[in-house]
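First to last, the sequence lines map onto chains C, W, E and Y. Read in order, the letters of the first sequence correspond to residues 1 to 328 in the working numbering. Read in order, the letters of the second sequence correspond to residues 1001 to 1259 in the working numbering. Read in order, the letters of the third sequence correspond to residues 2001 to 2303 in the working numbering. Read in order, the letters of the fourth sequence correspond to residues 3001 to 3396 in the working numbering. I have placed the structure first, in the form of structure tokens, so that the comments after it can refer back to it.
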Amino acid sequence: MREIIAGLRNDPRARRIAVGIALALMVAFPFFASAYWVDVAFYLGLYTLLGLSLNVILGEVGLFNLGHAAFWAFGAYTTAILNTRFDIPTLALIPISALATAGFAWLVTSPIIHLRGDYLCIVTIALGEIVRLALNNDPGGITGGPNGIFGIDRPRIGGLVINTPTEFYFLVWIIVVICAWALLRLQNSRIGRAWNYIREDELAAECMGVDVRAFKLLAFTLGAALAGVAGNLYAAKMMVVSPESFTFMESCLVFMIVLLGGMGSVPGTLLGALVVSLFPELFRPLARYRMLIFGIALVAVMYFKPAGMWPRRRATFRSVIGREAGKA
Amino acid sequence: MNDAAILEVKGVTKRFKGLVAVNKFDMLIRERTIHSLIGPNGAGKTTLFNVISGIYRPEEGKVIFLGEDITGRKPHVLVAKGIARTFQNLRIFPNLTCLENVMSGQHCRGRCGTWSSIFRTPRQRAEERRIQEVAERWLERTGLWEFRNELAKNLPFGLRKMLELARALATEPKLLLLDEPTTGLNDKEKEDIMEFIGGLPEMGITVLLVEHNMNVVMGISERITVMDMGEKIAEGTPEEIYNDPRVIEAYLGREEAVA
Amino acid sequence: MVTFVQQFLNGLTIGSFYAFIALGYSLVYAIMKLINFAHGDLFALGSYVAYSFLVWASAALTAALGLWGALAVAMVVAGVSVAIAGLLMERVAYRPIYPAGRLPAVVSALGVSIFIENFIMLVWGPRYQAYRSEFVPVGYFQIGELRISILQVVILISAVILLGFLYWLIEKTTFGAAVRATAQDRATAALMGIDFRKVIRFVFTVGPALGAIAGVMVGLYYRQISFSMGWIYGLKAFVATILGGIGNIPGAMVGGILLGLLEAMFAGYVSAAWKDVIVFAVLMLILIFRPTGLLGEKVAEKV
Amino acid sequence: MRGWKALCGVVTLAVFGLLAMAEEPILIGFQGPLTGPWAVEGDWALKSVQIVVDLINQRGGVLGRPLKLVVEDDSGTPRGGVMAAQRLVTAGVKFVVGTYGSSICMPSSDIYEEAGVLVISYGCTAVNLTARGLKYYFRTSGRDDSQARFFAEYVVPLFGAKRIAIMHDNTTYAKGVAEETLKYLKPAIDAGDVEIVYYDAIVPGERDYTPALTALRDADPDIWYYTGYYPEWALLLRQGKDMGLDWKVVRAVGSNACPISETVRIAGVDAVAGAMITQEPLPAFIKDKYPKAKEFVEAYEAKYGEIHDSPWATYAADAVYTIAFAIEKVGKVDPKAVADLLHSGQVIGEGITGELAFTPEGDRIGVPYSLLICNEKGETELFNPEIHGKLVGLEE
């Protein structure tokens, strides 16, 4: 097993084949599995997307955000309100939700972005609670209070209505794959490296010319935009949004996805989402004991794999100036 | 030699809760020289250093770089203008590779944003290549080539110090601020690093060297400024400083008191 | 005016609960730089342990010691057993993970929190449990229109005594100095011969014990306890901790009281539904302008 | 997968063959909160449903086939509801009893609708649930507005109350009832007969409601309607009592999620005595009225001990009766035919809570309400103006 993984890491062709096989399996999956498991896979996709979005903020830049549900909720409510009031199709609302959530994130994180570590953490918790309570209190009668908003349309493309679990499965996973691809490219670029510099040492990053504030805000807005997309998908799938879906516990779950998987690791996020969303389903027969075991499992993973289950491995660059240069 | 001033410090004062760390300090650094700032521990050298590199904003006074007032500008802006620095207690990026560490220096020379990075536009690719190329050249010059894919935290201390220097140089600075580059090094490493620094003015880089050990800077500096209790007590060539009674008093008096 | 005084007293009572719990957060944070997410659940555990103990032994104890004596014994029992739980938790879930860094420790803490909450649910059931009327001292003082229950008075007095004692312990004794030194700089403190493990043991004994005592008080004051109440109390106490400046012992007390007063006043005079929104918004504002809390010292980073 | 499923089917058949059951059982799905904050309600509902299933099976089942329960936990969350619904649909269940909580019911009923599975909810009272034009969704419980109407048009005039306080806890159900109450009170308010002196929400899960109660006391109401759940209700009564409020002066009325026995257990008899609730008929109070109720209560007590006093669990039990009666009537195990029958509005039988009939939208027709009061011993009694009215002190 170890050799296979090592082989995959070092040989780009083998890696491409492995990714190809994985994609093929993903495409084939809903044609073999029952509607229930396809739905489980949908939620897995949704949590992966949320994990990826928080991974930008927490994993890449190291900003402790324990209020991620706020952004998710904002995206979901944007979709719900615009769809039910103005009849804008839910698919068209994907970019709109993303932009609106990004704007919201920019607005609320600008004044708090200078806070460090645990102080940022508590402020994001507060933010998450404020958003949830505000939705619950129905300001201006637009959020529907604790009832939430119902009657959200199914997404449709031309004549095709996205309705069945299989169709939703493809919708979410296509978006996840696109996002994962984009994030992997960002990781190996000037932007991704700047984020990592900030995570490693904020002051040194600033003194190496990284505009720390701007890059932190970029991470927050980008992560929030993805969470907004997840919110849109969630609203379209459930056809109803209500504040109780966006609790502090949800923020904690997404936080754990990133840390269980490994900070800044895209495949790790997938693995983390797998644990968080599949665990309660797989252990359904244990009914009331399953969350107890989940708690123990979290401690155990952190004991054996403190850097996460699939930590990010730094890329090795192929030399630009030539191998012999070093010896000269 | 070029006599133009690259950096001017005019009447800078920095206080911490009533404690004056730097008091009405004046200093002038000329281009392509190695200028040393020395003084006993707690003299305010690092504070002044932080004022110049933009970490602290002084209460009074001005910092002028190449004729432009840069007082209170943020560090990342100053880096883009050509001021780079190292840290007294080593601040590399531990979990990144050496190459990535040094590439950070080129960050301020890049332009490409989120979208061009995702779509890998030709311009972005060219830029990435250039960033990497500059970083690799500096790794080569500092003798770190073979460690380029090693995580920075796995390097021995001396090499990490060198790595930090390479990282600062990769920003293509006009003025390089070095905060006690030899602390914690053995004699051989000290010699190597000082030799390397000595070669920098030839590459067009002005160096401001902060040290508390006077002997280190004597052979290498063109000019030396001596600081004590936040004030300038002497300035001149190494010979002048060596014979200055005030300097001797500041150093010896202090040393006796400590001993 | 009467309403105001009443609300003020309510606020003080809620505030002293928060202060008790906040101290546990603050102590652990000061020493380990770890947010102990499981702390709120330890508080709930204390409440349940005392509940079971009272159901089991209150008849005999009340006969021998009177109601107040029985309650005091129950508090000691809860305090001791939760302190043991706290030490156990530190040994099993934090000590082996802590060296790997702060973030794994945070996940581990969340894991312990989920574990304890579900453990309580499994042992005592998902139903709300209620401190029976016979455990709870009744009676009140009437001053004009103002009505103050005896329980409220006892809670406030014991809060003052306990918090005062802790303040003395930390600020005035040699051992307290050792704790403060460790909080400030662990490495230097170790060089001075301070036993880090001893400090850790202290922190994980006192914090959970105080939390458990708060749990018993909450049970007596409101009578009803639930397995999930640790979350909300934990969260509020955490806010109090930050308000006072994390790692700052007197700060945690002040933060707790302040939060309680803030809540009572907003609920009483503005809107109960928007109370928490306003509390959290105030917290955000304070942190924006004083990024290290009200009593937190501005720590300039060493460059 | 399909082969595997077939194998499962074969095994199931073989097992039942061994058990010498004459017919293949009709699967009845149960979806409810068996974990999470509402685990108690889920537990009661499941037990009640099990009792009815046993009773029906003892009599030879439906169409000669036994009923068999398939249980899924939705843990009281919307997403849990979707997963539970999907599992039941996948398991091939065609009739489902579920669930408790309107916001959980909403997304799961969409899944049942798409799969053509008939679902009857037992604890979802949001008005808009049946406004969606679903074909396969019904409920045996009332709606928020039916209870609100009972309070506004019966309870308020009963006491001749003028100053009314309404308090809710911001949850879907509670806010719904509160808003509907306001709507039904509007004519009286406009006529100047009554006045709303207090209208606000508390935050559920808190412990200290004295701030809210202080504000309530200062508003000086004649009657106080609390729409919400019993844990908070118990605390409110306890703390109100400690503050010196008297339920004979301020008539405290809780809504139907505030069962008196639970409230007494938490708050103590002294605090609850005199407080009332608006309630659907509880099995204990209707067991002499309907034979099915008597039978149900006796079977429940024989198996589990004391009967619960949750109307929702009783409605869940009646949901099973609804399904059983309707299948018998149409003569085939077909959700579509059953749905058509239920939509027709005709009475399909008498269950535990009386006649079972539904509007074309899927709402229960004729849900009765009653006003219950806690007596000095902490027991629940039907409110009787002859006896309890004397305590009021309001009528001249």
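Where a beta carbon is used, it is the ideal one built from N, C-alpha and C, also for glycine.
The DSSP-derived three-state label of Glu3114 (chain Y) is helix. Within the region 1097-1157 of chain W, the runs of alpha helix (DSSP H) at least 4 residues long that lie entirely inside it are, in chain order, 1098-1103, 1114-1119, 1122-1141. Residue burial annotation: Ile142 (chain C) is exposed, with fewer than 16 other C-beta atoms found within 10 angstroms of its C-beta.
From the beta-carbon of Gln2007 (chain E), the residues of chain Y found nearer than 7 Å are Pro3211, Thr3214. Residue pairing by DSSP puts Met1027 (chain W) in a beta bridge opposite W:Val1009.
At a cut-off of 8 Å between beta-carbon atoms, Ala2085 (chain E) makes no contact with chain C.
In summary, the residues of the region 139-172 of chain C whose CB is separated from some CB of chain Y by less than 9 Å are Gly145, Pro146, Asn147, Gly148, Phe150, Gly151, Asn163, Thr164, Pro165, in the order they occur in the chain.
Distance from the CA of Ala3039 (chain Y) to the CA of Gly2125 (chain E), rounded to the nearest whole angstrom, comes to 9 Å. Straight-line measurement puts the Cα of Val3203 (chain Y) at about 11 Å from the Cα of Ile2232 (chain E).
Rounded to whole angstroms, Asn3057 (chain Y) and Glu3024 (chain Y) show a C-alpha spacing of 13 Å. In its chain, beyond the 5 residues on either side, Arg154 have a beta carbon closer than 7 Å to the beta carbon of Asn163 (chain C).
Restricting attention to W:Lys1024, W:Thr1047, W:Met1214, the CA atom closest to the CA of Ala1250 (chain W) is found in W:Met1214. DSSP, read as helix, strand or coil, puts Tyr169 (chain C) in helix. Check the Cα spacing between Ala2022 (chain E) and each of E:Ala2237, E:Ile2242, E:Leu2243: the tightest is with E:Ala2237. Under a criterion of Cβ atoms nearer than 9 Å, the residues of chain C adjacent to Gly2101 (chain E) are, in order, Pro306, Ala307.
Taken in chain order, the complete alpha helix (DSSP H) segments of 4 or more residues contained in the region 2245-2285 of chain E are 2249-2269. Here the C-alpha atom of Val3264 (chain Y) lies approximately 15 Å from the C-alpha atom of Ser3255 (chain Y). One finds Gln3086, Val3089, Thr3090 in chain Y with Cβ atoms closer than 7 Å to the Cβ of Ala35 (chain C), taken in chain order.
Check the Cα spacing between Gly1230 (chain W) and each of W:Ala1005, W:Pro1040, W:Gly1044: the tightest is with W:Gly1044.
Among the CB atoms of chain C, one or more fall inside 8 Å of the CB of Arg3132 (chain Y). Of the residues assessed, Gln3147 (chain Y) falls on the buried side of the cut-off, its CB having 16 or more other CB atoms within 10 angstroms. Under the DSSP assignment, Ala3165 (chain Y) falls in the beta strand (DSSP E) whose first and last residues are 3163-3168.
For Gly3305 (chain Y), the nearest beta carbon of chain E is not closer than 8 Å to its own beta carbon. Within 7 Å of the CB of Pro1094 (chain W), the CB atoms of chain C belong to Glu200, in sequence order along the chain. Closest in alpha carbon position to Ile81 (chain C), among C:Gly144, C:Leu127, C:Ala69, is C:Gly144. Contact with chain C is found for Leu2287 (chain E), since one of that chain's Cβ atoms lies less than 8 Å from the residue's Cβ. Out of C:Val176, C:Ala70, C:Ala102, the CA that lies nearest to the CA of Leu46 (chain C) is found in C:Val176.
When C-beta distances to chain W are compared with 9 Å, every residue of the region 266-293 of chain C stays at or above that value. In this structure, Ile1064 (chain W) and Ile1070 (chain W) form a Cβ contact; the two beta carbons are roughly 7 Å apart against a cut-off of 8 Å.
Contacts with chain C (Cβ-Cβ distance below 7 Å) from the region 3022-3035 of chain Y involve Leu3034, Thr3035, listed in chain order. For the set W:Arg1130, W:Ala1166, W:Arg1129, the Cα lying nearest the Cα of Phe1147 (chain W) is the one of W:Ala1166. Taking a Cβ-Cβ cut-off of 8 Å, the neighbours of Thr316 (chain C) in chain W comprise Thr1097, Asn1149, given in sequence order. By the CB criterion at 8 Å, Pro1238 (chain W) and Ile1248 (chain W) fall outside the cutoff. Excluding residues up to 5 positions away in sequence, Arg290 lie with their Cβ nearer than 6 Å to the Cβ of Phe283 (chain C) in the same chain. Against chain E, a Cβ distance below 9 Å from Asn3170 (chain Y) picks out Ala2273. In the DSSP assignment, the residues bridged to Phe3138 (chain Y) are Y:Ile3120.
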